[in-house]
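A.B. asks: In the working numbering, the protein residues as written are 2 to 243.
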Amino acid sequence: MTRSIDVIFSPDLLPFACLQGKSVVVIDILRATTTITFAIANGATSIQPVLTPEQAFAIRQEQSGILIGGERHGKPVTGFNLGNSPSEYQRSVVFGKSIVITTTNGTRTMHACMSADWLFIGSFLNLGSLIRVLDQTNNHVAFVCSGREGQFCTEDALFAGACVNIFCQIDNEVCLTDSAKTAQLLFQANHQRVFESIRNSDHGRYLASIGLESDLEFCSLVDLVDVVPVMIGDCISLCDAF
Ligand code: MLT
């Protein structure tokens, strides 16, 4: 099979895309998918992305022992257990826990991609493991960037380009869409300065302005963990199918 690879730069473009039958990767490097990947690597048993803080509070009210985390405008939501800095989700905090998370863009994108055959969570932290799993699904692939309130964002496209670049090295028959080719060119031009690209992005500069600069370096760490989170139904857990 000639595998097609597409990159969708914003969830607002999803009405023009077809995800059925594909392996889809949701990307939100700053910071939702980085946070979720690190939490799953540290033993969180399940992570439920929801669309509003009110939904998170309601679920915690019903289910004792769960943690609620996330952000609005990059800052922790008052009354939540956790914000959206990946480094908060240490093993001592999340091991064995169920988590409900809501963020500005990432969790909205996850909900928008639920028609996919497979829905994986991607970040620089699990780049190599993600590619290995995607290759084994033997499906066409779509990388969906969460962007920032509908706008293109460099860090998500850069990661998508890194994935496209690796796929072109392991499979010489891939068919790339124009957006996949563009993402690959972005990565090839910046592959030696991933952290700087993230730090200088719009959202990177905003996070630094609210005192979260340390998140930027964390979110640029490549292959820190060897897990692939997968969303089945409305919950994310460790993918052990491959
Ligand atoms: C997002 O959903 O866009 C991000 O997670 C926002 C953030 O963490 O600052």
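Even glycine gets a Cβ: it sits at the ideal position worked out from N, Cα and C.
So for Leu14, helix, strand or coil by DSSP?
C.D. replies: Within the sequence shown, residue 14 is the residue found at index 13, counting from 1. Helix.
A.B. asks: Is the beta carbon of Ile28 closer than 9 Å to that of Val145?
C.D. replies: Translated into positions along the sequence shown, residue 145 becomes position 144. Translated into positions along the sequence shown, residue 28 becomes position 27. Contact: yes.
A.B. asks: Can Asp203 be considered in contact with the ligand MLT, in the sense that its beta carbon sits closer than 8 Å to one or more heavy atoms?
C.D. replies: For the purposes of this step, residue 203 is taken as residue 202 along the sequence shown, with counting starting at 1. No, since every heavy atom of the ligand MLT falls outside the 8 Å radius drawn around the Cβ of Asp203.
A.B. asks: Just to confirm, are Gln49 and Ile100 a CB contact at a threshold of 9 Å?
C.D. replies: Here residue 49 is taken as the residue at index 48 of the sequence shown, counted from 1. Here residue 100 is taken as the residue at index 99 of the sequence shown, counted from 1. Going by C-beta atoms, Gln49 is nearer than 9 Å to Ile100.
A.B. asks: Mapping DSSP to helix, strand and coil, what is Asp7?
C.D. replies: Residue numbering aside, residue 7 sits at position 6 when the sequence shown is read from its first letter. If DSSP states are grouped into helix, strand and coil, Asp7 belongs with the strands.
A.B. asks: Consider the C-beta atom of Arg92 and the heavy atoms of the ligand MLT; say whether any pair is separated by less than 8 Å.
C.D. replies: By one-based count along the sequence shown, residue 92 stands at place 91. Flag unset: Cβ of Arg92 not near the ligand MLT.
A.B. asks: Could you name the residues that DSSP lists as bridge partners for Val71?
C.D. replies: Locating residue 71 in the sequence shown gives position 70, counting from the first residue. Note that residue 71 is Gly in the sequence shown here, rather than Val. DSSP lists Thr103 as partners of Gly71.
A.B. asks: Mind checking who Ser238 pairs with in its DSSP beta bridge?
C.D. replies: The residue you call residue 238 lines up with position 237 of the sequence shown. DSSP lists Val231 as partners of Ser238.
A.B. asks: Would you decide whether Pro230 is buried or exposed? Buried here means 16 or more other CB atoms lie within 10 Å of its CB.
C.D. replies: On the sequence shown, residue 230 is found 229 positions in, with the first residue counted as 1. Counting Cβ neighbours within 10 Å, Pro230 comes out buried, since at least 16 surround it.
A.B. asks: Restricting to runs no shorter than 4 residues, where is the alpha helix (DSSP H) found entirely within the region 188 to 222?
C.D. replies: Taking only runs of at least 4 residues, the alpha helix (DSSP H) segments lying wholly in the region 188 to 222 are 195 to 200, 203 to 210, 214 to 220.
A.B. asks: Look at the alpha carbon of Asp235 and the alpha carbon of Leu120, and state the distance between them as a whole number of angstroms.
C.D. replies: Numbered from its first residue, the sequence shown carries residue 235 at position 234. Numbered from its first residue, the sequence shown carries residue 120 at position 119. When rounded, the distance between both Cα atoms is 11 Å.
A.B. asks: Strictly by DSSP, which residues pair up with Leu83?
C.D. replies: To locate residue 83, count along the sequence shown from 1; it is residue 82. Leu83 is bridged to Gly70.
A.B. asks: Take Asn106 as the anchor and find which of Gly71, Lys98, Gln137, Gly97 has the nearest alpha-carbon.
C.D. replies: Here the question's residue 106 lines up with position 105 in the sequence shown. It is Gly71 whose Cα lies nearest to the Cα of Asn106.
A.B. asks: Glu72: beta carbon under 8 Å from a heavy atom of the ligand MLT?
C.D. replies: Stepping through the sequence shown from its first residue, residue 72 is reached at position 71. Answer for Glu72: yes, Cβ within range of the ligand MLT.
A.B. asks: Using the three-state DSSP reduction, which class does Gln170 fall into: helix, strand or coil?
C.D. replies: Taking the first residue of the sequence shown as 1, we reach residue 170 at position 169. Correct three-state label for Gln170: helix.
A.B. asks: Return the chain-ordered ranges of every alpha helix (DSSP H) run that is complete within the region 116 to 161 and spans a minimum of 4 residues.
C.D. replies: Complete alpha helix (DSSP H) runs here, min 4: 128 to 138.
A.B. asks: Could you tell me if Met2 is buried or exposed, where buried requires 16 or more neighbouring beta carbons within 10 angstroms of its beta carbon?
C.D. replies: As a working mapping, residue 2 is identified with position 1 in the sequence shown. Classification of Met2: exposed, given that the 10 Å Cβ count is below 16.
A.B. asks: Under the DSSP definition of a beta bridge, which residues are partnered with Ser24?
C.D. replies: One-based indexing of the sequence shown puts residue 24 at position 23. Beta-bridge pairing links Ser24 to Trp119, Val142.
A.B. asks: Taking the C-alpha atoms as reference points, what is the distance between Asn140 and Ser180?
C.D. replies: If you number the sequence shown from 1, residue 140 lands on position 139. If you number the sequence shown from 1, residue 180 lands on position 179. About 18 Å.
A.B. asks: Which first and last residues belong to the alpha helix (DSSP H) in which Gln64 is found?
C.D. replies: For the purposes of this step, residue 64 is taken as the residue at position 63 of the sequence shown. Here Gln64 belongs to no alpha helix (DSSP H), and DSSP marks it neither H nor E.
A.B. asks: On the three-state DSSP scale, how would you describe Leu177?
C.D. replies: In the sequence shown, the residue the question calls residue 177 occupies position 176. Strand, per DSSP.
A.B. asks: I'd like to confirm the pairing. Which residues does DSSP put opposite Pro77 in its beta bridges?
C.D. replies: The residue labelled residue 77 in the question sits at position 76 within the sequence shown. Note: Pro77 sits in a beta bridge opposite Glu72.
A.B. asks: Sorted by chain position, which residues of the same chain lie with C-beta nearer than 7 Å to Ser43's C-beta, five sequence neighbours on each side aside?
C.D. replies: Taking the first residue of the sequence shown as 1, we reach residue 43 at position 42. Residue 43 is actually Asn in this sequence, not Ser. Within the same chain, Asn43 has close Cβ partners Tyr90, Gln91, Arg92, Val95, Phe96.
A.B. asks: Between Gln21, Thr79, Gly123, which has its C-alpha nearest Leu222's C-alpha?
C.D. replies: Indexing the sequence shown from 1 puts residue 222 at position 221. Out of Gln21, Thr79, Gly123, Gly123 has the C-alpha closest to the C-alpha of Leu222.
A.B. asks: If I measure Cβ to Cβ from Glu280 and keep anything under 7 Å in the same chain, skipping five residues before and after, which residues do I get?
C.D. replies: Because the chain spans 2 through 243 in this model, residue 280 falls outside it and cannot be assessed.
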